[in-house]
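Notes follow the structure.
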Amino acid sequence: MSGLVLLLASVLVKGATIVIVPLMVLLRRYSFEYQMKWIAVSLFGVFLLSPLREEMYPWYAVWWLATLAFVPIQKSSFAHGASFWLSFGLMARYVPWIATREYGGSGPVIRSLVTLIPVLVYIVVFVFLQRKKKK
Numbered sequence: 022m023s024g025l026v027l028l029l030a031s032v033l034v035k036g037a038t039i040v041i042v043p044l045m046v047l048l049r050r051y052s053f054e055y056q057m058k059w060i061a062v063s064l065f066g067v068f069l070l071s072p073l074r075e076e077m078y079p080w081y082a083v084w085w086l087a088t089l090a091f092v093p094i095q096k097s098s099f100a101h102g103a104s105f106w107l108s109f110g111l112m113a114r115y116v117p118w119i120a121t122r123e124y125g126g127s128g129p130v131i132r133s134l135v136t137l138i139p140v141l142v143y144i145v146v147f148v149f150l151q152r153k154k155k156k
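As structure tokens, then:
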């Protein structure tokens, strides 16, 4: 009974539990790393849907970043690199507001660019280096 109370408290504190618990039940036969990989992917999907409700707030990335930390790097070096640069871009979202002290005007476009450009540059460099390795 106390486990259910703690589970309910977890849902009330952070909604990520609603995604994590069913996945852990469905994937219980698989390895811990496999579970964490799919939980991270699912929470990343929820994170990408967050702008439908409000805005892409940087602290929502904690959900999938915390689970991605349990996935071995050699199995997902691209995901770890992209998550690093996305984290950097998410933190840089504050720079336009600090510079202008307003959220309106060109702020939303600049915040989106500041978030996406580091990830896009990483993807281009990653693909370039992968092609260079093959030669």
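Going by this note's numbering, the sequence shown opens with residue 22, and the numbers climb by one from there. We put the beta carbon where it would ideally sit given N, CA and C, even for glycine. The structure displayed is predicted, hence computed values, not measured ones.
Between the CA atoms of residue j and residue i - distance to the nearest angstrom
i: Ser104; j: Gly24; result: 33 Å
i: Arg160; j: Ser98; result: Nothing can be reported for residue 160, as the shown portion of the chain is limited to 22 through 156.
i: Trp80; j: Val67; result: 13 Å
i: Lys155; j: Val148; result: 11 Å
i: Leu69; j: Val42; result: 20 Å
i: Ala100; j: Leu29; result: 31 Å
Chain-order list of residues whose beta-carbon lies under 6 Å from that of residue i (same chain, five-residue window excluded)
i: Gly128; result: Pro117
i: Trp106; result: Pro139, Val140 and Tyr143
7 Å CB neighbourhood of residue i in its chain, flanking five on each side removed
i: Trp59; result: Leu44 and Leu48
i: Ser108; result: Ala82 and Leu86
i: Ala61; result: Trp85, Thr88, Leu89 and Val92
i: Gly102; result: Tyr143 and Phe147
Residue i at chain D interface by Cβ criterion, 7 Å
i: Lys154; result: Absent from the structure: chain D. Only one protein chain is present.
Supposed contact pair residue j and residue i - C-beta distance, whole angstroms, cut 8 Å
i: Phe91; j: Phe53; result: 7 Å
i: Arg114; j: Val135; result: 6 Å
i: Leu137; j: Gly110; result: 7 Å
Cβ neighbour criterion (16 or more within 10 Å) applied to residue i
i: Thr121; result: exposed
i: Arg50; result: exposed
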